[in-house]
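K.L.:
In the working numbering, the protein residues as written are 264 to 485.
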């Protein structure tokens, strides 16, 4: 019995010696998080901060676009009959005047000038984006520098300044330029518009215009 016990002990010792290196390798392969990963993440967040700054900065400026719409000319008859230039010009002027624009210049190109109204929703959106961006940065910094920890989240308190900046700078004068051009046989009239993207889109919808060279497909709810 003693010999059997000694033999079993020797066998277990040999097995333990054989499996020892494998156990050490298993411990070494357990997942861990190196500081370099956190610093890399921090670097990526720092690189994205100029984008956040640009978002706030550009919120006060309307994106300018230039569109050309085509409508049937005066010579077209039938259901798709065109409008005389004077009638079309009156429709264009009526739209902008109703939307608080004034005629600044009248000529071959008519310039309408109006004030851009500030939007509470846009101001709130700027505050929200800034809060999320700074909060994410604070999360990474608190992980890398645990000594400071949650104190990094105090930086999110400056988020409302983004809304204040927008509110102080959003009100500005906007210009929209319109030119009407009819082809030689009066079968098509081009309405060329240049101005803020929102103003141009509102104009297109109000007059139900189609961009030249494109076929507009109405949506399900139109």
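Glycine included, C-beta positions come from ideal geometry on N, C-alpha and C.
What's the C-alpha gap between residue 313 and residue 392?
P.N.:
Distance between the alpha carbons of residue 313 and residue 392 is about 13 angstroms.
K.L.:
In the structure shown, what three-state DSSP assignment does residue 404 receive?
P.N.:
Helix, per DSSP.
K.L.:
Is the separation between the beta-carbon of residue 426 and that of residue 389 shorter than 8 angstroms?
P.N.:
Result yes, Cβ atoms of residue 426 and residue 389 sit closer than 8 angstroms.
K.L.:
Quick check on residue 488: does DSSP put it in helix, strand or coil?
P.N.:
Summary: the structure shown does not reach residue 488, with the chain confined to residues 264 through 485, and so no result is reported for it.
K.L.:
For residue 457, write down the residues that DSSP places opposite it in a beta bridge.
P.N.:
Paired residue(s): 329 and 440.
K.L.:
Are the CB atoms of residue 444 and residue 328 nearer to each other than 8 angstroms?
P.N.:
No. Outside cutoff.
K.L.:
Quick one: is residue 303 buried, meaning 16 or more other Cβ sit within 10 Å of its Cβ, or exposed?
P.N.:
By the 10 Å Cβ count, residue 303 comes out exposed.
K.L.:
Just tell me which of 424, 379 and 349 has its CA closest to the CA of residue 238.
P.N.:
This structure does not reach residue 238, given that the chain is present from 264 up to 485, and the question cannot be answered.
K.L.:
Please report the straight-line C-alpha distance between residue 321 and residue 457, rounded to a whole angstrom.
P.N.:
So the alpha carbons of these two residues sit roughly 19 angstroms apart.
K.L.:
How many angstroms separate the CA atom of residue 487 from the CA atom of residue 453?
P.N.:
The chain is shown from 264 up to 485; residue 487 falls before or after that span and cannot be answered.
K.L.:
Beta-carbon within less than 8 angstroms of residue 358's beta-carbon, same chain only, minus the 5 sequence neighbours each way: which residues are those?
P.N.:
Same-chain partners within the cutoff: 466, 469 and 470.
K.L.:
What residue does the alpha helix (DSSP H) around residue 357 start on, and which one ends it?
P.N.:
348–361 is the extent of the alpha helix (DSSP H) around residue 357.
K.L.:
Starting from residue 421, trace the alpha helix (DSSP H) both ways and give me its first and last residue.
P.N.:
Looking at the DSSP string, residue 421 is not in any alpha helix (DSSP H), and its letter there is neither H nor E.
K.L.:
Exposed or buried, what is residue 291 when buried is set at 16 or more other beta-carbons lying within 10 Å of its beta-carbon?
P.N.:
At residue 291, the pLDDT of 46 sits below 50, so the modelled position is not reliable; the number obtained from the coordinates is stated separately. Result: exposed.
K.L.:
Check for me: the beta strand (DSSP E) holding residue 375 runs from which residue to which?
P.N.:
It spans 373–379 - the beta strand (DSSP E) in which residue 375 sits, taken as one unbroken run.
K.L.:
Might you give, ordered along the chain, the residues of its own chain that have their beta carbon closer than 7 angstroms to the beta carbon of residue 432, omitting 5 neighbours on each side?
P.N.:
Answer for residue 432: 323, listed in chain order.
K.L.:
May I have the straight-line CA-CA distance separating residue 394 from residue 383, to the nearest angstrom?
P.N.:
About 17 angstroms.
K.L.:
Taking just the CA atoms, how far does residue 404 sit from residue 416?
P.N.:
Roughly 9 angstroms separates the two Cα atoms.
K.L.:
Check whether the Cβ atoms of residue 354 and residue 442 lie closer than 8 angstroms to each other.
P.N.:
No. Outside cutoff.
K.L.:
With 16 as the cutoff for other CB atoms within 10 Å, does residue 436 come out buried or exposed?
P.N.:
Looking at its Cβ environment, which holds fewer than 16 other Cβ atoms inside 10 Å, residue 436 is exposed.
K.L.:
Count the other C-beta atoms from every protein chain shown that fall within 10 angstroms of the C-beta of residue 332, then say buried if there are 16 or more, exposed otherwise.
P.N.:
By the 10 Å Cβ count, residue 332 comes out buried.
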